[in-house]
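Protein chains: 2
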Amino acid sequence: MDKFEQKRQDYTHHIAKATLASSIKEMSLKKMAAAAGTSDRMLMHYFKDKQDIETAVLTSISQELIDLLQQPDLKLEFTAFVRFLRQAIDEPRIKPYLNLWFEITHLATSQGEPYTSITRTIGESFDDWIKQIYVPTEGEDVDQQTALLFVFTEGLVVMNKIGLEERMDAAVEAMIALTKDNRPRN
Amino acid sequence: MDKFEQKRQDYTHHIAKATLASSIKEMSLKKMAAAAGTSDRMLMHYFKDKQDIETAVLTSISQELIDLLQQPDLKLEFTAFVRFLRQAIDEPRIKPYLNLWFEITHLATSQGEPYTSITRTIGESFDDWIKQIYVPTEGEDVDQQTALLFVFTEGLVVMNKIGLEERMDAAVEAMIALTKDNRPRN
DNA sequence: CTTGAAATGTAGTGATTACTACAAATTAAT
DNA sequence: ATTAATTTGTAGTAATCACTACATTTCAAG
Numbered sequence: 001m002d003k004f005e006q007k008r009q010d011y012t013h014h015i016a017k018a019t020l021a022s023s024i025k026e027m028s029l030k031k032m033a034a035a036a037g038t039s040d041r042m043l044m045h046y047f048k049d050k051q052d053i054e055t056a057v058l059t060s061i062s063q064e065l066i067d068l069l070q071q072p073d074l075k076l077e078f079t080a081f082v083r084f085l086r087q088a089i090d091e092p093r094i095k096p097y098l099n100l101w102f103e104i105t106h107l108a109t110s111q112g113e114p115y116t117s118i119t120r121t122i123g124e125s126f127d128d129w130i131k132q133i134y135v136p137t138e139g140e141d142v143d144q145q146t147a148l149l150f151v152f153t154e155g156l157v158v159m160n161k162i163g164l165e166e167r168m169d170a171a172v173e174a175m176i177a178l179t180k181d182n183r184p185r186n
Numbered sequence: 001m002d003k004f005e006q007k008r009q010d011y012t013h014h015i016a017k018a019t020l021a022s023s024i025k026e027m028s029l030k031k032m033a034a035a036a037g038t039s040d041r042m043l044m045h046y047f048k049d050k051q052d053i054e055t056a057v058l059t060s061i062s063q064e065l066i067d068l069l070q071q072p073d074l075k076l077e078f079t080a081f082v083r084f085l086r087q088a089i090d091e092p093r094i095k096p097y098l099n100l101w102f103e104i105t106h107l108a109t110s111q112g113e114p115y116t117s118i119t120r121t122i123g124e125s126f127d128d129w130i131k132q133i134y135v136p137t138e139g140e141d142v143d144q145q146t147a148l149l150f151v152f153t154e155g156l157v158v159m160n161k162i163g164l165e166e167r168m169d170a171a172v173e174a175m176i177a178l179t180k181d182n183r184p185r186n
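Those protein sequences? They're chains A and B, same order as listed.
Those letters in the first sequence? Residues 1 to 186, by my numbering.
Those letters in the second sequence? Residues 1 to 186, by my numbering.
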């Protein structure tokens, strides 16, 4: 590998860590430089502009998240999945990624690229992840159920971020009640 | 009413309209002044600081939204409510408010006050609104069902904003299927 | 009419930001 | 060793932003 490319990756990695610990918008060029142990001047040498850095950083973080989600042996049917999702939101290892996801969705709507592309990538990975774990009951439409789990998770994430956790739990119970009443475990 | 107070309200009203048409973060003091037909200097005369303006503006918009939601005669059971919510998200009259709501949730988590308070107010109003319209089926827990509708709506709003509309529709169908299978209309 | 207060305009401050011009130092090639 | 290219530092630019000092006009009260 290029020495140039190597430095780019080093910097990207360090800035990614700092970004996960704070937020995208907090990361000015100076903070990025501090996190990477260099100067803003140097970052401009190795990257075209700030957006170039952000793209590298967020792409790297997305990949980390995708790797983090991989759990080849995990299989859950609907109710268990819902409970699993609700609990995952509070996982300290997951939380920084959710914070960033939350931020990126907003940036995607207000700034467009590169955030929209990254949002799409992560969204698709999440979709795949659900499909990989979800064991549909009976003759359910997997795509629809997956979409429901996706939308529900998004909702939970928002509620969590705006501090309405009681409602998260209530919603989880309601969702489960909706299925349990009707689908005796077979 | 005070002439002073009157001007404050006039300005607030005009700035609120402009804010709905664009976004909170787009509204610099200069843009606010332009929208109000005055100068930034004048705004500082009638308001303590920018946050003072934003609070007035967002409070006013919240109230508008709350009024907009009032539909005294509307009563819906679960399935119809879900469909109603999904369709409401595309309503041009509602959309600007959803955009702002989306933005405020983000600001609430990144800037704190006054956005957290406003988020809470709107959230509670939305909760009340659901409860006022929702006709629970059988002996359901209304609070839980309300929370579910809230969370689900949040999820739909996010999906909508990040351009995953097919998944909105799929999720709606899945949600409805979840109840229809099991709860034959009685 | 005089005087004091309220309303408004002009211009500017200081902070932050992404980004750059220029030059010096370091490294690599011949 | 000389030259050329790469790497780094210093300093600064231009834009944007919330906010202010100061002066002037407008207005109202006695």
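Glycine is no exception: its CB is placed at the ideal position from the N, C-alpha and C atoms.
These numbers come from a predicted model, not from an experiment.
Any heavy atom of the ligand NAD within a distance shorter than 7 Å of the CB on residue i?
i	result
S39 (chain B)	Because no ligand of any kind appears in the structure shown, any question about the ligand NAD cannot be addressed here.
Just list the residues that DSSP pairs residue i with in beta bridges.
i	result
Y134 (chain B)	B:L76
Assuming residue i is part of the alpha helix (DSSP H), what are its boundary residues?
i	result
G155 (chain A)	142-161
F192 (chain A)	In the structure as shown, chain A begins at 1 and stops at 186. Residue 192 (chain A) is therefore absent and cannot be evaluated.
T55 (chain A)	50-69
L164 (chain A)	Counting along the chain, L164 (chain A) falls outside any alpha helix (DSSP H), and DSSP gives it neither H nor E.
K3 (chain B)	3-21
K31 (chain A)	29-36
D40 (chain A)	40-46
Output needed for residue i: all residues of its chain with C-beta closer than 8 Å, excluding positions within five of it in sequence on either side, in chain order.
i	result
A108 (chain B)	Y115, T116, I118, T119
L85 (chain A)	L149, F152, T153, L156
S39 (chain B)	A33
L76 (chain B)	F84, I133, Y134, V135
R167 (chain A)	M159
A80 (chain A)	none
Looking only at its own chain, which residues have a Cβ that is under 7 Å from the Cβ of residue i, when we skip the five neighbours before and after it?
i	result
K161 (chain B)	F102
T105 (chain B)	T119
E121 (chain B)	The question names Glu, but residue 121 (chain B) in the sequence shown is Thr. Closer than 7 Å at Cβ, skipping near neighbours: S62.
For residue i, I'd like the list of residues in its chain whose CB is within less than 6 Å of its CB, leaving aside the five on either flank, ordered along the chain.
i	result
A56 (chain A)	T12
A35 (chain A)	H14, I15, A18
S60 (chain B)	T12, A16
M175 (chain B)	V82
F47 (chain B)	I53
A88 (chain A)	I94
D141 (chain B)	none
R8 (chain B)	Y46
Mind listing which residues of the stretch 46-64 of chain A have their C-beta closer than 9 Å to chain B's C-betas, in chain order?
-> none
Using a beta-carbon distance cut-off of less than 8 Å, what residues from the stretch 22-48 of chain A approach chain B?
-> S23, K25
Report the residues of the stretch 148-170 of chain A with a CB closer than 9 Å to any CB of chain B, ordered along the chain.
-> L148, L149, F150, V151, F152, T153, E154, G155, L156, V157, V158, M159, K161, I162, G163, L164, E166, R167, M168, D169, A170
May I ask you to list, following chain order, the residues of the stretch 120-131 of chain A that have a beta carbon less than 7 Å from some beta carbon of chain B?
-> G123
Residues of the stretch 67-101 of chain A with a CB closer than 9 Å to any CB of chain B: list them in chain order, please.
-> F78, N99
Interface positions of the stretch 104-117 of chain A facing chain B (Cβ-Cβ less than 8 Å), listed along the chain | Those residues of the stretch 104-117 of chain A that come within reach of chain B (Cβ to Cβ, closer than 8 Å) are T105, H106, A108, T109, S110, T116.
What residues from the stretch 4-18 of chain B come within 8 Å of chain A, judged by C-beta to C-beta, listed N to C?
-> So the list is empty, because no residue satisfies the distance condition.
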